[in-house]
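Engineer: Numbering (our numbering), first residue to last: 12 to 204.
My structure is below; once you've seen it, I'll send some questions.
Set out below in structure tokens:
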């Protein structure tokens, strides 16, 4: 089978850009040559995917961020560029990380840098037909789940906090994630008290 994604990036003079909106912001897992604040039009970032590996388990799933296609909306994040000689290695790494259960769909779309330039970027979008799609949960329900879940790489609450902190460092504050983080902190305080 022909690899359509690799076909877009394989030429020596073509850069591989990856759109980071969640854990890739603070843990890309590959050497980033360039990082540019960007907007991905037509998508929305939310905790709409059950995590049964990294931030939860099958018995006690957590939630992770995912992109959903939504007309009229946009997602702020970072476009990350790897070294050209590392493109295949980075793509292979990202597939192992992001496609562990195929709850994400790998694709490409146009990303607009803050300086107005555009590029085609690799991105991972939630598969709304996959059993790990959590749909539109209320913030209260998200906070309850995130405050209780833990997976192979750690606490679900740490994932949220690291994402909020990194977005704030970049000046890309996401008000709904800030609110959710405070709700999780409140939940955690109640369980400790």
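Built from N, CA and C at the ideal position, the CB exists for glycine as well.
Values in this document were obtained by computation on a predicted structure and should not be read as measured data.
1. Taking residue 161 as the reference, which of 50, 72, 197, 42 has the closest Cα?
2. Whole angstroms is fine: what's the gap from residue 198's alpha carbon to residue 128's?
3. Apart from the five residues just before and just after residue 141, which ones in its own chain have a Cβ nearer than 6 Å to its Cβ?
4. According to DSSP, is residue 128 part of a helix, a strand, or is it coil?
5. Could you have a look at residue 96 and say whether DSSP puts it in helix, strand or coil?
6. Using the Cα positions of residue 22 and residue 196, report the straight-line distance between them to the nearest angstrom.
7. Beta-carbon within less than 8 Å of residue 16's beta-carbon, same chain only, minus the 5 sequence neighbours each way: which residues are those?
8. Tell me, to the nearest whole angstrom, how far the beta carbon of residue 91 is from that of residue 37; I am working on the premise that it is less than 8 Å.
9. Report yes if the C-beta distance between residue 179 and residue 94 is below 8 Å; otherwise report no.
10. Would you tell me roughly how many angstroms separate the C-alpha atoms of residue 163 and residue 32, rounded to the nearest one?
Structural biologist: So, to answer that:
1. 72
2. 42 Å
3. 114
4. coil
5. helix
6. 47 Å
7. 102, 117, 118, 119, 133
8. With 8 Å as the limit, residue 91 and residue 37 do not qualify as a contact, their Cβ atoms being about 12 Å apart.
9. no
10. 21 Å
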